[in-house]
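2 protein chains.
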Amino acid sequence: MAQLLDGQKLANIRATKLKKQVDELKKQGVQPFFSVINIGDDISSKIYLKSKKKLATKIGIKQKNFQLDSATSQAELLSLIARLNSESQVNGIMIQLPVPSQINLNEALSLIDPEKDVDCLTPSNVGRLWQGNHFVEPATAHGILALLKHYQIDSSGKHVVIIGRSSIVGKPLAALMLEQDATVSVLHTKTNNLAKYTKEADILVSAAGQLGLITEKMVKDNAIVIDVGINRIGNQIAGDVDFQNVAPKVSYITPVPGGIGPLTVESLMEQVVKLARRKNGR
Amino acid sequence: MAQLLDGQKLANIRATKLKKQVDELKKQGVQPFFSVINIGDDISSKIYLKSKKKLATKIGIKQKNFQLDSATSQAELLSLIARLNSESQVNGIMIQLPVPSQINLNEALSLIDPEKDVDCLTPSNVGRLWQGNHFVEPATAHGILALLKHYQIDSSGKHVVIIGRSSIVGKPLAALMLEQDATVSVLHTKTNNLAKYTKEADILVSAAGQLGLITEKMVKDNAIVIDVGINRIGNQIAGDVDFQNVAPKVSYITPVPGGIGPLTVESLMEQVVKLARRKNGR
Numbered sequence: 001m002a003q004l005l006d007g008q009k010l011a012n013i014r015a016t017k018l019k020k021q022v023d024e025l026k027k028q029g030v031q032p033f034f035s036v037i038n039i040g041d042d043i044s045s046k047i048y049l050k051s052k053k054k055l056a057t058k059i060g061i062k063q064k065n066f067q068l069d070s071a072t073s074q075a076e077l078l079s080l081i082a083r084l085n086s087e088s089q090v091n092g093i094m095i096q097l098p099v100p101s102q103i104n105l106n107e108a109l110s111l112i113d114p115e116k117d118v119d120c121l122t123p124s125n126v127g128r129l130w131q132g133n134h135f136v137e138p139a140t141a142h143g144i145l146a147l148l149k150h151y152q153i154d155s156s157g158k159h160v161v162i163i164g165r166s167s168i169v170g171k172p173l174a175a176l177m178l179e180q181d182a183t184v185s186v187l188h189t190k191t192n193n194l195a196k197y198t199k200e201a202d203i204l205v206s207a208a209g210q211l212g213l214i215t216e217k218m219v220k221d222n223a224i225v226i227d228v229g230i231n232r233i234g235n236q237i238a239g240d241v242d243f244q245n246v247a248p249k250v251s252y253i254t255p256v257p258g259g260i261g262p263l264t265v266e267s268l269m270e271q272v273v274k275l276a277r278r279k280n281g282r
Numbered sequence: 001m002a003q004l005l006d007g008q009k010l011a012n013i014r015a016t017k018l019k020k021q022v023d024e025l026k027k028q029g030v031q032p033f034f035s036v037i038n039i040g041d042d043i044s045s046k047i048y049l050k051s052k053k054k055l056a057t058k059i060g061i062k063q064k065n066f067q068l069d070s071a072t073s074q075a076e077l078l079s080l081i082a083r084l085n086s087e088s089q090v091n092g093i094m095i096q097l098p099v100p101s102q103i104n105l106n107e108a109l110s111l112i113d114p115e116k117d118v119d120c121l122t123p124s125n126v127g128r129l130w131q132g133n134h135f136v137e138p139a140t141a142h143g144i145l146a147l148l149k150h151y152q153i154d155s156s157g158k159h160v161v162i163i164g165r166s167s168i169v170g171k172p173l174a175a176l177m178l179e180q181d182a183t184v185s186v187l188h189t190k191t192n193n194l195a196k197y198t199k200e201a202d203i204l205v206s207a208a209g210q211l212g213l214i215t216e217k218m219v220k221d222n223a224i225v226i227d228v229g230i231n232r233i234g235n236q237i238a239g240d241v242d243f244q245n246v247a248p249k250v251s252y253i254t255p256v257p258g259g260i261g262p263l264t265v266e267s268l269m270e271q272v273v274k275l276a277r278r279k280n281g282r
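Protein chains in written order, with the numbering used here: chain A, 1 to 282; chain B, 1 to 282.
Structure follows, in structure tokens:
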């Protein structure tokens, strides 16, 4: 039976450390300030916003949510971003996904001040990441690396297979894993025969968002399985991995919930604090 | 026996088309202007500079080489870059590699005006590429895609295995291949058992710079083999692939010389012209 990679536990440990840093910053007159823009009424988004705010409050980060109407125009969004860019007390700006179809997300993201780009989605921060300069790190990828490190799992020389090529998870994780000297394969919706690749993975990361995608036949004995999927079934969430049948076969596995989810939220707060420290020369 | 992917022939075809574009631009008073900075006396660099200049002249691009002493300081290099950034007639700036050890290449590259960054090595242009915005494209990756397209080889759904994770070839090619819907694996010096991966490649791209690295046992029957390696043996050059023994087994293969090399130089000129056109609103 696999050892559980307990993301919730690590998130708690890291949040406690982060709170101490924030306490120190506050003593020096620095209040980390995080602005989140949410457009429309996506139910999952509201849940994420709530869990972010809860953790931010616990750590001592000021989080302000800007709730925009689902009919918000591109111009209105850009104008809000410009305002937040110019407000010196704001350290981090994030656009909660998904956004309605009238929004040109790439244009909006590229207008965020790179110094306030907590999600590492502006072109210059994406480029820096690929060049080994961790000006800011995408939260999920950062959380995955922290989790592997916590359990003393070395990625060097390992075959890391990533399912998903999003800007938020798959691509930045590929960058960080290459930097860790892993051999990296990126699979996606156009990949023929997923199992052919997943069976070769020493470390398998599924960020497909497809319930039960990964069955026990698709993983190698003793592999390490990281489940980034968050799929809702009623009030419950479950991952991309058929946990019950995969867990007995592998050496390590993340649960869902309690795995990468809480680590992602905590990592995001770390980025806010990182940007606040840099801004204030600390 | 494999069909030859004739990079030299395609480079000639594309150079002829490019010359027509440049002739048109000149009629409108636009003279594409390319500045190359070379530091020190690397023999290969001098050969590349010569072949660039020859093609630039043929196409009608003005190329000016700045030859700096091998003892050039970082400050001198940065000052030259600043000058070239400010000179409005300069459309493209490139630093010829390798540079001497006293030079901080990343710092120098990041100071190049992204509007003049022909090699796509500034952070914002690297980020743009990963986001699907081809503001400028790295020459080798651009050449490889052009070659596959010319021979009507579709990368979608194929397993593309890239050996090498450099900023110049491996990483940008991974970005472009993911965009083409290929499943992408990136191998490098820390990969254990290269053959295990190369044997699975539908399209194998070797950018290792290691003579004879790829033997016939390492490739799948009917694979497509792209050899980016340029290894010097006296006055001759040869690739990473044991061409004689690999060619009979695969469906397509690039020769060295006459494959990716000439396409890279031609693609670089395309980027200079692209930047000159954009600068002049054309």
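For every residue, glycine included, the Cβ atom is placed at its ideal position computed from N, Cα and C.
Contact with chain A by residue i, beta-carbon distance below 8 Å
| i | result |
| --- | --- |
| residue 273/B | no |
| residue 181/B | yes |
Where residue i meets chain A, residues with beta-carbon distance less than 9 Å
| i | result |
| --- | --- |
| residue 122/B | 124, 127 |
| residue 197/B | 159, 183, 185, 200 |
Residue i, enclosing alpha helix (DSSP H) - first and last residue
| i | result |
| --- | --- |
| residue 121/A | Looking at the DSSP string, residue 121/A is not in any alpha helix (DSSP H), and its letter there is neither H nor E. |
| residue 94/A | Where residue 94/A is concerned, there is no enclosing alpha helix (DSSP H), although the beta strand (DSSP E) it sits in stretches over 92-95. |
| residue 44/A | 43-59 |
| residue 246/A | 243-246 |
| residue 133/A | It is not in any alpha helix (DSSP H) - residue 133/A carries neither H nor E in the DSSP assignment. |
| residue 111/B | 105-111 |
| residue 79/A | 74-86 |
| residue 162/A | Premise fails: residue 162/A lies in the beta strand (DSSP E), 159-163, not in any alpha helix (DSSP H). |
| residue 368/A | Absent from the model: residue 368/A. The displayed extent of chain A is 1 to 282, so no value can be given. |
| residue 279/A | 260-279 |
| residue 149/B | 139-150 |
Residue i, buried or exposed, once every other Cβ within 10 Å from all chains shown has been counted against 16
| i | result |
| --- | --- |
| residue 221/B | exposed |
| residue 203/A | buried |
| residue 156/B | exposed |
| residue 82/B | exposed |
| residue 177/B | buried |
| residue 75/B | exposed |
| residue 132/A | exposed |
| residue 149/A | exposed |
| residue 274/B | buried |
| residue 43/A | exposed |
| residue 283/A | Only positions 1 to 282 of chain A appear in the structure, and residue 283/A is not among them; the question remains open. |
| residue 52/B | buried |
CA nearest to the CA of residue i, picked from the options
| i | options | result |
| --- | --- | --- |
| residue 163/B | 176/B, 184/B, 156/B, 10/B | 184/B |
| residue 18/B | 275/B, 160/B, 223/B, 266/B | 266/B |
| residue 38/A | 62/A, 66/A, 25/A, 26/A | 66/A |
| residue 284/B | 2/B, 151/B, 8/B | The question about residue 284/B has no answer, for chain B in this structure spans 1 to 282. |
| residue 78/B | 239/B, 112/B, 126/B | 112/B |
| residue 211/B | 90/B, 227/B, 249/B, 120/B | 227/B |
| residue 87/A | 32/A, 121/A, 58/A, 110/A | 32/A |
| residue 94/B | 30/B, 23/B, 268/B | 268/B |
| residue 251/B | 223/B, 137/B, 277/B, 205/B | 223/B |
| residue 100/B | 115/B, 233/B, 73/B, 44/B | 73/B |
| residue 278/A | 134/A, 57/A, 45/A, 5/A | 134/A |
| residue 187/A | 171/A, 138/A, 180/A, 225/A | 171/A |
| residue 119/A | 96/A, 1/A, 107/A, 249/A | 96/A |
| residue 259/B | 141/B, 114/B, 124/B | 141/B |
Below-8 Å beta-carbon distance, residue i vs any chain B residue
| i | result |
| --- | --- |
| residue 192/A | yes |
| residue 157/A | yes |
Extent of the continuous beta strand (DSSP E) run through residue i
| i | result |
| --- | --- |
| residue 238/A | 236-238 |
| residue 181/B | Residue 181/B -> no beta strand (DSSP E), and no H or E assigned at all. |
| residue 34/B | 33-39 |
| residue 188/A | From DSSP, residue 188/A is part of no beta strand (DSSP E); its letter is neither H nor E. |
| residue 206/B | 203-206 |
| residue 199/A | No beta strand (DSSP E) holds residue 199/A; DSSP gives it neither H nor E. |
| residue 63/B | 62-68 |
| residue 232/B | 231-233 |
Contacts of residue i in chain B (Cβ-Cβ under 7 Å)
| i | result |
| --- | --- |
| residue 178/A | 165, 186 |
| residue 149/A | Going along chain B, no residue has its Cβ under 7 Å from residue 149/A, so there is no contact; the nearest lies around 18 Å. |
| residue 171/A | 130 |
Residue i: contacting residues in chain A (beta-carbon distance under 7 Å)
| i | result |
| --- | --- |
| residue 131/B | 106, 123, 126, 167 |
Any non-hydrogen atom of the ligand SAM within 7 Å of residue i CB
| i | result |
| --- | --- |
| residue 119/B | Absent from the structure shown: the ligand SAM. Ligands present: none. |
Contact list for residue i against chain B, beta-carbon separation under 8 Å
| i | result |
| --- | --- |
| residue 116/A | In chain order: nothing, as chain B lies at least about 16 Å away. |
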